[in-house]
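Q: Take a look at this one; I'll ask things after.
Number of protein chains: 2
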Amino acid sequence: MTAPRGSVKGIKGPATLEDVAREAGVSRALASLVMRQKPQVSEERRARVLAAATKLGYRPNAIARSLASRRSSTVGVLLNDLHNPFFAEIYDGIEQVARRRGYRILLSTGGRSRAREEAALEAFLESRVDGLILVSTLLTEAKINQAASMAPVALVSRTSRSPVVDSVLTDDVLGAELAVAHLIELGHRRIVHIDGGRNPGSRPRRKGYERAMDAAGLKRLVISGDFSESGGAEAAGRLLALAETTTAVLTSNDMAAAGVMDRLAEAGYSIPGDISVVGYDNTSLAQMRQVNLTTINQPRGEMGRLAMQAVLERIEGGRTKAVSHVTTPTLVVRGSTGPAPGSS
Amino acid sequence: MTAPRGSVKGIKGPATLEDVAREAGVSRALASLVMRQKPQVSEERRARVLAAATKLGYRPNAIARSLASRRSSTVGVLLNDLHNPFFAEIYDGIEQVARRRGYRILLSTGGRSRAREEAALEAFLESRVDGLILVSTLLTEAKINQAASMAPVALVSRTSRSPVVDSVLTDDVLGAELAVAHLIELGHRRIVHIDGGRNPGSRPRRKGYERAMDAAGLKRLVISGDFSESGGAEAAGRLLALAETTTAVLTSNDMAAAGVMDRLAEAGYSIPGDISVVGYDNTSLAQMRQVNLTTINQPRGEMGRLAMQAVLERIEGGRTKAVSHVTTPTLVVRGSTGPAPGSS
DNA sequence: CCTCCTCCTGAGAGCGCTCTAATCTTGCTC
DNA sequence: GAGCAAGATTAGAGCGCTCTCAGGAGGAGG
Numbered sequence: 002m003t004a005p006r007g008s009v010k011g012i013k014g015p016a017t018l019e020d021v022a023r024e025a026g027v028s029r030a031l032a033s034l035v036m037r038q039k040p041q042v043s044e045e046r047r048a049r050v051l052a053a054a055t056k057l058g059y060r061p062n063a064i065a066r067s068l069a070s071r072r073s074s075t076v077g078v079l080l081n082d083l084h085n086p087f088f089a090e091i092y093d094g095i096e097q098v099a100r101r102r103g104y105r106i107l108l109s110t111g112g113r114s115r116a117r118e119e120a121a122l123e124a125f126l127e128s129r130v131d132g133l134i135l136v137s138t139l140l141t142e143a144k145i146n147q148a149a150s151m152a153p154v155a156l157v158s159r160t161s162r163s164p165v166v167d168s169v170l171t172d173d174v175l176g177a178e179l180a181v182a183h184l185i186e187l188g189h190r191r192i193v194h195i196d197g198g199r200n201p202g203s204r205p206r207r208k209g210y211e212r213a214m215d216a217a218g219l220k221r222l223v224i225s226g227d228f229s230e231s232g233g234a235e236a237a238g239r240l241l242a243l244a245e246t247t248t249a250v251l252t253s254n255d256m257a258a259a260g261v262m263d264r265l266a267e268a269g270y271s272i273p274g275d276i277s278v279v280g281y282d283n284t285s286l287a288q289m290r291q292v293n294l295t296t297i298n299q300p301r302g303e304m305g306r307l308a309m310q311a312v313l314e315r316i317e318g319g320r321t322k323a324v325s326h327v328t329t330p331t332l333v334v335r336g337s338t339g340p341a342p343g344s345s
Numbered sequence: 002m003t004a005p006r007g008s009v010k011g012i013k014g015p016a017t018l019e020d021v022a023r024e025a026g027v028s029r030a031l032a033s034l035v036m037r038q039k040p041q042v043s044e045e046r047r048a049r050v051l052a053a054a055t056k057l058g059y060r061p062n063a064i065a066r067s068l069a070s071r072r073s074s075t076v077g078v079l080l081n082d083l084h085n086p087f088f089a090e091i092y093d094g095i096e097q098v099a100r101r102r103g104y105r106i107l108l109s110t111g112g113r114s115r116a117r118e119e120a121a122l123e124a125f126l127e128s129r130v131d132g133l134i135l136v137s138t139l140l141t142e143a144k145i146n147q148a149a150s151m152a153p154v155a156l157v158s159r160t161s162r163s164p165v166v167d168s169v170l171t172d173d174v175l176g177a178e179l180a181v182a183h184l185i186e187l188g189h190r191r192i193v194h195i196d197g198g199r200n201p202g203s204r205p206r207r208k209g210y211e212r213a214m215d216a217a218g219l220k221r222l223v224i225s226g227d228f229s230e231s232g233g234a235e236a237a238g239r240l241l242a243l244a245e246t247t248t249a250v251l252t253s254n255d256m257a258a259a260g261v262m263d264r265l266a267e268a269g270y271s272i273p274g275d276i277s278v279v280g281y282d283n284t285s286l287a288q289m290r291q292v293n294l295t296t297i298n299q300p301r302g303e304m305g306r307l308a309m310q311a312v313l314e315r316i317e318g319g320r321t322k323a324v325s326h327v328t329t330p331t332l333v334v335r336g337s338t339g340p341a342p343g344s345s
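Chains as they are written, first to last, in this note's numbering: chain E, 2 to 345; chain H, 2 to 345.
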């Protein structure tokens, strides 16, 4: 038994506003006003239209609505990696605001590939999203600016010199400094930084490390890595091969830190007995007791919320001046850091 | 300096197909044929249209296209929890097929709340998605069937008696049996199951546990839990309070297993020395050396791919008979399981 | 009882594109 | 060179909705 679709004659799709209006005995325009909850409709008519809509199982066609109103009420969100729990919480913040304000979210992932991010961006633009949130994107400035000429853009965890793009970031220089200060306080002197390669956010973290090390008069050593577990493990391998005596490692994200810890443990080092490890992001991963990682927290939910709000301010509020929200990172001490060996 | 949008007169938006056609000196219909890569167009005209499109920076309006063609080329994907890495990989599989076949994905998360899932479903339907993939959804059969009357639906990790809905699942009964068999082989006799509460997939896993225990003539003990770390920890707490002597715990997902391990370790038990723990899903979490969890693998990427293919078969192939793909789980032995204490 | 205002209501013109049906070209055949 | 099939191109009618605007219904004021 197939469910009867729509109403009266022949093969008709879902009920349209026209059908509802006819059923209620009013004009299509009036029915439209009711569906959009406009005030200038008499209670009696409103009730009649609503009843008709329910009777016919009417469901507004968002596509037609978008075409006619020239607004899609949709914001495109581009995450570069769904697997990183860091992004899930940013998404939560975005989603929360979107839901409250009646916006839909079109989500895409770049899969850590620039080409795929470009394709996703193009798809967003074709879908005529009203706004765009690019999280830790790999896109070039040029592409971002081009997109910004079509719809408001907010960047998360990525800076931009563009005057037409909003951004939400954490003071990563400070974050890294916090981490290094913590290690120094624990007596560490040989502190290595495994950086995040070309990922956005990687550079300021390295800079914070360098600045803090310089300020303390300590020798810097940076090993290149990336934002993944395997990248961290691989970098740790290279660190071990250097035969440098190191007592602490600052990584540039938690996943990389987990990889580093793996590799070090495998090589027989005890953490934090022999080597202390600090991550970055305070993802759910770091919070797990088995990982128990000292790390730098970024207020992710808040960041997502700020980004969505920034976009909405441009869409609905007409703001045109770029804003940049810089949130403050905090140090979260857990079990992966301890006194430097030999320092009483 | 604001970027000039579109072309000629006044405040015009982005270039339209009409503009392109005019620029190329052909009809709108012809330009449309070119944009849709239809073959019946002479090379000369095709090139002219393409050149005009490039010149004007034309970008097809997906909304207008959807309205006119009555297909959105979009599939809605509802994940119930973005934080569970299990879902990220299913999404990868879905996305991979979607990309290859030219479909967009509209993603929503239910946030583990049925009300929010219902709202998300409604939004999908209003957006006139061509198909729907519900992953481990909390939605009622009635809602699912109603949705299925509007667009093809595929369920992942959730069964349905409905004859109009496709489903992709893992043989969870077998999975749990595999886990129990493994534990028995290691000499365990007192094996407790911490189940997944009302989450889809939880029931067959419990059934597999019960069946395997019965078959071995062992006493069953099920403690209710859920699919989260905190739920696992909490259930482990209740297990400890029972003062039962237990040597092995089978949880119903990896996150819960991590919570269980936390709680047990905190209570002074060594894993797997005193108690063995088995998870379920083989998420990236289980693979981490720090967690190193013996677990049951589900072919997630494959499951996502199958779901997307099933939906496409209905959209494009016109299939109407329901299919149900059952994938085979496998046991992945890691460090969280070992011989039962006392069994040589 | 008529005018002016304030509210409502309904007609109609699109939004940018697809798609069917009709028209126009060509290239062949005989 | 007429006749015609096959291929290339175009006109035109929507898809379902929003939105502007003219016009109608009441009520207050004169």
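The beta-carbon is built from N, C-alpha and C at its ideal position, and this holds for glycine as well.
1. Are the Cβ atoms of D173(E) and R206(E) separated by less than 8 Å?
2. Determine whether the Cβ of Y281(E) lies closer than 8 Å to any Cβ atom of chain H.
3. Just grab the DSSP bridge partners of A249(E) for me.
4. How many Å lie between E267(H) and Q291(E) at the Cα?
5. Where does P15(E) sit, in a helix, a strand or coil, going by DSSP?
6. How far does the beta strand (DSSP E) with A311(E) in it reach, from first residue to last?
7. Got a sec: which bits of the stretch 282–302 of chain E sit with their beta carbon under 7 Å from any beta carbon on chain H, in order along the chain?
8. Label T17(H) either buried or exposed according to how many other C-beta atoms from any shown protein chain fall within 10 Å of its C-beta, with 16 as the threshold for buried.
9. Please report the Cβ distance between V261(H) and I195(H), rounded to the nearest whole angstrom; I am assuming they are in contact, meaning their Cβ atoms lie under 8 Å.
10. Spatial neighbours of P5(H) within its chain, please: CB distance less than 6 Å, with the 5 preceding and 5 following residues excluded, ordered by chain position.
11. Closer than 8 Å, Cβ to any Cβ of chain E: which residues of the stretch 260–273 of chain H, in chain order?
12. DSSP three-state label for N146(E), please.
13. At a CB distance below 9 Å, what residues from the stretch 143–159 of chain H approach chain E? Give them in sequence order.
14. Taking all protein chains shown into account, decide if Q41(H) is buried (16 or more other Cβ within 10 angstroms of its Cβ) or exposed.
15. Could you tell me whether the Cβ atoms of T246(H) and R191(H) are closer together than 8 Å?
16. Cβ atoms of T295(H) and V334(H): under 8 Å apart, would you say?
17. So within the stretch 97–174 of chain E, which uninterrupted alpha helix (DSSP H) runs reach at least 4 residues, ignoring any that extend past its ends?
18. Checking the sheet assignment: what are the DSSP bridge partners for I407(H)?
19. Could you confirm whether any beta carbon from chain H is found closer than 8 Å to the beta carbon of L126(E)?
20. Closest to L241(H) by CA distance: which of L265(H), Q147(H), T252(H) is it?
21. When the cut-off is 8 Å and only beta carbons count, does Y59(E) lie next to chain H?
22. Looking only at its own chain, which residues have a Cβ that is under 7 Å from the Cβ of M2(H), when we skip the five neighbours before and after it?
23. Name the chain H residues whose beta carbon is nearer than 7 Å to that of A89(E)?
24. Could you list the residues in the stretch 99–110 of chain E with a C-beta less than 9 Å from some C-beta on chain H, going in chain order?
25. One question on the structure: do T160(H) and L175(H) come within less than 8 Å of each other, judged by their Cβ atoms?
26. Give the DSSP bridge partners of D82(H), in chain order.
27. So what does DSSP say about T75(H), is it helix, strand or coil?
28. By DSSP, does V21(H) sit in helix, in strand, or in coil?
29. Assuming contact is defined by CB atoms lying nearer than 8 Å, are L107(H) and G132(H) in contact in what I supplied?
30. Note down, in chain order, all residues in the stretch 38–65 of chain H with a beta-carbon under 7 Å from any beta-carbon belonging to chain E.
31. Under 8 Å by Cβ, that's how I've got G94(E) and G302(E) pegged, so tell me the actual separation to the nearest angstrom.
32. Nearest to G188(E) by CA position, among D263(E), N85(E), S203(E), G274(E), is which residue?
A: Walking through what the data contain:
1. Looking up residue 173(E) in the first sequence gives position 172. Looking up residue 206(E) in the first sequence gives position 205. In this structure, R206(E) lies closer than 8 Å to D173(E) by Cβ.
2. If you number the first sequence from 1, residue 281(E) lands on position 280. So no, Y281(E) is outside the interface.
3. On the first sequence, position 248 is the one that residue 249(E) refers to. DSSP, once it has assigned bridges, lists I192(E), S277(E) as partnering A249(E).
4. The sequence position of residue 267(H) within the second sequence is 266, counting from 1. The sequence position of residue 291(E) within the first sequence is 290, counting from 1. Between E267(H) and Q291(E), the C-alpha separation is close to 11 Å.
5. Position 14 of the first sequence, counted from the start, is the residue given in the question as residue 15(E). Looking at P15(E) - three-state DSSP - the assignment turns out to be coil, as it is neither helix nor strand.
6. Within the first sequence, the letter at position 310 stands for residue 311(E). A311(E) -> not in any beta strand (DSSP E); alpha helix (DSSP H) instead, spanning 301–316.
7. S285, M289, R290, Q291, V292
8. For the purposes of this step, residue 17(H) is taken as residue 16 along the second sequence, with counting starting at 1. T17(H) is buried by the Cβ-count criterion.
9. On the second sequence, residue 261(H) is found 260 positions in, with the first residue counted as 1. On the second sequence, residue 195(H) is found 194 positions in, with the first residue counted as 1. Indeed they touch by this definition, with Cβ atoms about 6 Å apart.
10. Along the second sequence, one-based indexing puts residue 5(H) at 4. Bear in mind that a pLDDT of 34 at P5(H), under 50, signals an unreliable position, so the model cannot answer this.
11. M262, D263, A266, E267
12. Indexing the first sequence from 1 puts residue 146(E) at position 145. In the structure shown, N146(E) sits in a helix (DSSP, three-state: H, G or I).
13. N146, Q147, A149, S150, M151
14. The residue given as residue 41(H) occupies position 40 in the second sequence. Flag for Q41(H) reads exposed.
15. Numbered from 1 along the second sequence, position 245 holds the residue referred to as residue 246(H). Numbered from 1 along the second sequence, position 190 holds the residue referred to as residue 191(H). In contact: T246(H) and R191(H) (Cβ atoms closer than 8 Å).
16. Within the second sequence, the letter at position 333 stands for residue 334(H). Within the second sequence, the letter at position 294 stands for residue 295(H). Yes, the Cβ-Cβ distance between V334(H) and T295(H) is below 8 Å.
17. 115–127, 142–149
18. For chain H, the structure presents residues 2 to 345; residue 407(H) sits outside this window and is missing.
19. As a first step, residue 126(E) must be located in the first sequence, where it is residue number 125. Yes, its Cβ sits closer than 8 Å to a Cβ of chain H.
20. On the second sequence, position 240 is the one that residue 241(H) refers to. Of the listed residues, the one whose Cα sits closest to L241(H) is L265(H).
21. Residue 59(E) sits at position 58 when you count from the first residue of the first sequence. No - not a single Cβ of chain H is within 8 Å of the one on Y59(E).
22. One-based indexing of the second sequence puts residue 2(H) at position 1. With a pLDDT of only 31 at M2(H), under 50, the local geometry of the prediction cannot be trusted, and the value read off the model is given with reservation. If we look at M2(H) and ignore the five residues flanking it on each side, it has no Cβ neighbours.
23. Looking up residue 89(E) in the first sequence gives position 88. Those are L83, H84, listed as they occur along chain H.
24. R100, R105, I106, L107, L108, S109, T110
25. Taking the first residue of the second sequence as position 1, residue 160(H) is located at position 159. Taking the first residue of the second sequence as position 1, residue 175(H) is located at position 174. The answer is no: Cβ separation not under 8 Å.
26. Sequence index remark: in the second sequence, residue 82(H) carries index 81 (1-based). For D82(H), which the question treats as bridged, DSSP gives no partner whatsoever.
27. Your numbering for residue 75(H) matches position 74 in the second sequence. Here T75(H) sits in strand by DSSP.
28. Along the second sequence, read from residue 1 onward, the residue named residue 21(H) stands at position 20. Reduced to three states, the DSSP call for V21(H) is helix.
29. Stepping through the second sequence from its first residue, residue 107(H) is reached at position 106. Stepping through the second sequence from its first residue, residue 132(H) is reached at position 131. For L107(H) and G132(H), no; Cβs fall outside 8 Å.
30. R60, P61, N62, A63, I64, A65
31. Taking the first sequence and counting its residues from 1, the one referred to as residue 94(E) is at position 93. Taking the first sequence and counting its residues from 1, the one referred to as residue 302(E) is at position 301. About 4 Å separates the two Cβ atoms, so the contact holds.
32. Start at 1 with the first residue of the first sequence, and residue 188(E) comes out as number 187. Here the closest residue by C-alpha is G274(E).
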